[in-house]
Amino acid sequence: MKHPQIVAAIFDMDGLLLDSERMALSCWHDAARELGHEIDPAVPLGMVGMHSSKTLAYLREQLGGGFPCERLRERTHEIYLTRSEAGIALRPGVLALFDWLERHDIRKAVATSTRRSIAEHHLHKAQLWHRIEFAVCGDEVSQPKPAPEIYQKAIAQLGVSAAQCVVFEDSNFGVQAGHSAGCRVIMVPDLRDPLEHVKALGIEIVSSLDAAQTLLNSEIKA
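In terms of the numbering used here, the sequence shown is numbered consecutively and its last residue is 327.
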């Protein structure tokens, strides 16, 4: 399939640029144990890529009305902030892909469901903030992923067309958002495999950011 020339790349953050999802899962389990409970691993896994505004309803649905869901969410957030204060490791291939994009004058932005204060902290600590033009964050949209709003805002701020943007995502929610916004989407799954209805969108799925770079490089050379 022949794609339009890409002039901008828009990145998700957690699980795509930063290896934060595994740490987040451990925070959920540790918080639950502090409250005297064990939770099924599938429960926090189901929140990968989910906006924080939707997590409480999800937890109540999964764990039941008698579970201290609100306190679980609060304590998880507290543990996460403490553990992430020193910074979070990059996912493999991030720096090489950023270098490649810069060599080819392809602009870079971030569209993350994480609130701005946390996103900026993480990106500064990871030494990535100065390498992107801007970030659109989860507390700046009314309709979170899988709605396309966050990518539509990023596209508008870039001042380009959706067809000129490539979105990099690891989550099913994010892939749907990027696709609905009209962008080319490359999925790099982290903790969750693509769901069948996501694969049916016809998006590109690769095993790593290194593989994504190889894919884009082959098109430029073609």
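All C-beta atoms in this analysis are idealised placements derived from N, C-alpha and C, irrespective of residue type, glycine included.
Small disclaimer: the values here were computed from a predicted structure and weren't measured.
Just how far apart, CA to CA, sit residue 111 and residue 134?
Start at 1 with the first residue of the sequence shown, and residue 111 comes out as number 6. Start at 1 with the first residue of the sequence shown, and residue 134 comes out as number 29. Distance between the alpha carbons of residue 111 and residue 134: 41 angstroms.
Once you ignore the five residues that flank residue 164 on each side, which residues in its own chain have a CB closer than 6 angstroms to its CB?
Against the sequence shown, residue 164 aligns to sequence position 59. Excluding sequence neighbours, residue 164 sits near 174.
Counterpart residues of residue 195 in DSSP-defined beta bridges:
One-based indexing of the sequence shown puts residue 195 at position 90. Note: residue 195 sits in a beta bridge opposite 123.
Relative to the C-alpha of residue 141, which candidate in 247, 172, 225, 162 has its C-alpha closest?
Numbered from 1 along the sequence shown, position 36 holds the residue referred to as residue 141. Of the listed residues, the one whose Cα sits closest to residue 141 is 172.
For residue 222, tell me which candidate among 295, 232, 244, 201 has the shortest Cα-Cα distance.
The sequence position of residue 222 within the sequence shown is 117, counting from 1. That would be 244, whose Cα lies nearest to the Cα of residue 222.
Please identify the residue among 155, 192, 279 whose C-alpha is closest to the C-alpha of residue 293.
To locate residue 293, count along the sequence shown from 1; it is residue 188. For the residues 155, 192, 279, the minimum Cα distance to residue 293 belongs to 279.
Which of the three DSSP states is assigned to residue 217 in this structure?
Residue 217 sits at position 112 when you count from the first residue of the sequence shown. Strand.
What does residue 291 pair with, by DSSP beta-bridge criteria?
Looking up residue 291 in the sequence shown gives position 186. DSSP, once it has assigned bridges, lists 273, 309 as partnering residue 291.
Local conformation of residue 303 per DSSP, three classes
Along the sequence shown, read from residue 1 onward, the residue named residue 303 stands at position 198. Here residue 303 sits in helix by DSSP.
Cut-off 8 angstroms between Cβ atoms - residues of its own chain near residue 197, not counting five sequence neighbours on either side
For the purposes of this step, residue 197 is taken as residue 92 along the sequence shown, with counting starting at 1. Hits under 8 angstroms: 313, 314, 315.
Is the beta carbon of residue 321 closer than 8 angstroms to that of residue 199?
For the purposes of this step, residue 199 is taken as the residue at position 94 of the sequence shown. For the purposes of this step, residue 321 is taken as the residue at position 216 of the sequence shown. In this structure, residue 321 does not lie closer than 8 angstroms to residue 199 by Cβ.
Euclidean distance between Cα positions of residue 202 and residue 143
The sequence position of residue 202 within the sequence shown is 97, counting from 1. The sequence position of residue 143 within the sequence shown is 38, counting from 1. Looking at the two C-alpha atoms, the distance is approximately 39 angstroms.
What are the start and end residues of each continuous alpha helix (DSSP H) run of 4 or more residues lying completely inside the region 144-185, in chain order?
147-150, 157-168
Using DSSP with H/G/I as helix, E/B as strand and the rest coil, what is residue 231?
Locating residue 231 in the sequence shown gives position 126, where the first residue counts as 1. In the structure shown, residue 231 sits in coil (DSSP, three-state: anything other than H, G, I, E or B).
Residues bridged to residue 137 (per DSSP)
On the sequence shown, position 32 is the one that residue 137 refers to. DSSP lists no partner for residue 137.
Residue from 167, 181, 120 whose Cα sits closest to the Cα of residue 217:
For the purposes of this step, residue 217 is identified with residue 112 of the sequence shown, where counting begins at 1. The candidate whose alpha carbon is nearest that of residue 217 is 120.
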